[in-house]
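Residue numbers (the numbering used here), protein chains in the order written: chain A, 4 to 83; chain B, 80 to 494.
Quick reminder that beta carbons are idealized off the backbone N, C-alpha and C, glycines included.
Spelled out as structure tokens, the structure:
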């Protein structure tokens with residue numbers, strides 16, 4: 004089975020990182036300036052499609068999306 | 080009344096922080112009309128210095144053109160100074176509608192609406208034509224005014240990597256289910272001087288049934304063989320759904336902007352765009368000046384042709400001198416220095432040599448990409464450019480960066 008952390012980390016790197024910045028599971032994504040809050044929507048839609056979930060807008064906050072670990076916690080909650 | 084010492088102290092702390100971070104912006108006072116040669120007071124209180132200006136958006140050299148100045152005088156005499164009203168109450172004159180029709184013809188669109196500035200046009204257009212059922216997909220390097228306009232709109236927003244057409248296509252696929260999709264880009268990107276790949280973007284918009292929006296503020300009047308803009312350069316005249324542009328750069332340089340495009344979208348702006356509804360439009364003398372600018376540019380391509388030649392001369396001269404430049408063919412020619420302090424030092428030394436050019440660094444440009452952004456004008460004569468090249472070469476030698484690669488400059492000065 005795919006490791007969720009690895010899948011999301013790889014998506015973040017491919018989607019948002021345009022230099023050699025290292026991204027770990029704890030790297031601050033939004034507060035660290037890697038993911039523009041403007042571009043979060045594609046991450047949200049990716050997660051919803053990949054895991055067949057629906058994340059309400061009020062839960063898709065910059066805080067909840069601020070690291071791979073935090074995103075995984077959020078996704079796990081909706082997978083149930 | 081309640082402006083306490085504590086409040087004052089708080090703001091002074093913020094301002095001091097900006098100064099310490101080197102982000103404090105300081106104005107230089109120009110005592111002459113905007114032109115290639117200007118008289119500048121800098122720092123404030125110092126005696127006037129004659130310098131060559133290579134950082135204005137005065138691409139076509141029309142800011143102080145005698146015919147434009149004369150037309151503005153005549154506009155002032157015949158239509159007065161101000162309107163004292165928004166457009167839809169009693170703030171529209173015949174010349175406002177005349178200018179809208181002239182812009183429509185110049186850009187080859189269906190209709191045009193004037194705004195007090197292009198900043199206002201971009202602030203108002205998205206909210207006026209899109210809803211929460213739609214998506215805006217913008218290039219990651221679009222101008223700040225577009226970002227502000229997007230923030231004011233309830234439509235979903237996503238971005239694509241700068242000029243990456245594969246990434247844009249993936250976003251159009253991802254958002255296939257939205258009612259409307261609008262692809263948003265600058266025509267010419269102001270910091271790097273590169274142009275959007277509009278032919279490919281138009282094809283993708285056709286394929287995925289998306290609207291195409293361009294801000295052509297750094298292109299209108301001189302990009303394309305007839306100077307109509309990036310859509311002319313890429314052979315897609317008549318296919319762009321929304322063009323915003325400014326009259327504050329190549330088109331006379333005074334103020335004002337517009338939304339030009341599909342007539343229904345323009346009408347939506349006339350009914351709903353808040354900067355149009357709640358502020359006065361462009362003042363009559365400026366309208367008269369812009370009308371003259373469009374008459375000049377429609378009659379001859381002489382000025383954009385001269386600008387093209389000047390740009391080639393300038394780019395070739397800097398390259399031969401050994402500077403690292405951003406690739407491109409627009410009048411925006413960034414001289415790359417990579418290090419923020421170096422960009423400030425070079426700018427200061429150029430000023431001492433009689434050349435006015437500004438250093439840009441993070442956060443205006445990405446970290447490690449500090450530069451002097453030079454902007455060429457049809458108002459420059461070859462002797463201006465030769466003198467400026469001499470100054471650049473002298474300063475470049477001082478810092479030992481001529482003939483050095485990006486990596487070598489970074490090794491000497493850091494990012």
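By the beta-carbon neighbour count (other beta carbons within 10 angstroms, threshold 16), residue 250 of chain B is buried. Beta-bridge partners assigned by DSSP to residue 236 of chain B: B:215. The secondary-structure analysis by DSSP pairs residue 120 of chain B across a beta bridge with B:108.
Neighbours of residue 41 of chain A in chain B, taken as residues at a C-beta separation under 9 Å, are given in chain order as 217, 219, 226, 229, 230, 236, 237, 238. For residue 409 of chain B and residue 273 of chain B, the gap between their C-alpha atoms comes out near 7 Å. The beta carbon of residue 48 of chain A falls within 8 Å of a beta carbon belonging to chain B, placing the residue at that interface.
Secondary structure at residue 83 of chain B: coil, using DSSP grouped into helix, strand and coil.
Per DSSP, the continuous alpha helix (DSSP H) segment holding residue 392 of chain B begins and ends at 381 to 400. Runs of the alpha helix (DSSP H) lying entirely within the stretch 220 to 276 of chain B and spanning at least 4 residues, in chain order: 223 to 230, 244 to 253. Between residue 200 of chain B and the set B:448, B:347, B:464, B:244, the nearest pair of CA atoms involves B:347. Look at the stretch 321 to 385 of chain B and you find these whole runs of beta strand (DSSP E), each 3 residues long or longer: 321 to 325, 336 to 340. For residue 406 of chain B and residue 112 of chain B, the gap between their C-alpha atoms comes out near 31 Å. Taking the Cβ atoms as the reference, residue 264 of chain B lies roughly 6 Å from residue 293 of chain B, within the contact range of under 8 Å.
Look at residue 51 of chain A: its C-beta is not under 8 Å from any C-beta on chain B. When the alpha-carbon of residue 473 of chain B is set against those of B:457, B:426, B:492, the nearest one is in B:426. The bridge partners DSSP lists for residue 438 of chain B are B:451. Interface flag for residue 25 of chain A against chain B is unset, since no Cβ pair is found closer than 8 Å. For residue 128 of chain B, the secondary structure class from DSSP, reduced to helix, strand or coil, is strand.
In terms of Cβ geometry, residue 310 of chain B and residue 319 of chain B form a close pair [threshold 8 Å]. Cβ neighbours of residue 451 of chain B within its own chain (closer than 8 Å, five residues either side excluded): 413, 414, 416, 422, 425, 426, 429, 436, 437, 438, 439.
Under the DSSP assignment, residue 171 of chain B falls outside any alpha helix (DSSP H); it carries neither an H nor an E label. Look at the beta carbons and you see the stretch 232 to 239 of chain B not touching the stretch 273 to 284 of chain B: under three pairs across the two are nearer than 8 Å. At a C-beta separation below 9 Å, residue 15 of chain A has no neighbours in chain B, since its nearest C-beta there lies roughly 14 Å away. Collapsing the DSSP output to three states places residue 192 of chain B in a strand.
Residue state for residue 141 of chain B is assigned as coil, using DSSP reduced to three classes. Separation of residue 116 of chain B and residue 44 of chain A (C-alpha to C-alpha, rounded to the nearest whole angstrom) is 48 Å. Cβ neighbours of residue 198 of chain B within its own chain (closer than 6 Å, five residues either side excluded): 224. Around residue 250 of chain B, the beta-carbon contacts reaching into chain A at under 9 Å are 45. For residue 32 of chain A, no alpha helix (DSSP H) segment is defined, and its DSSP state is neither H nor E. For residue 404 of chain B, DSSP records a beta bridge to B:414. Within 10 angstroms of the beta-carbon of residue 137 of chain B lie 16 or more other beta-carbons, which makes it buried. One alpha carbon belongs to residue 134 of chain B, the other to residue 394 of chain B, and they sit about 15 Å apart. The beta-carbon separation of residue 468 of chain B and residue 397 of chain B, rounded to 7 Å, stays under the 8 Å limit for a contact. Under the three-state reduction of DSSP, residue 468 of chain B is assigned to helix. Pairing residue 58 of chain A with residue 80 of chain A, the inter-Cα distance amounts to about 10 Å. For residue 283 of chain B, no chain A residue has a Cβ inside 9 Å of its Cβ, as the nearest lies near 17 Å away.
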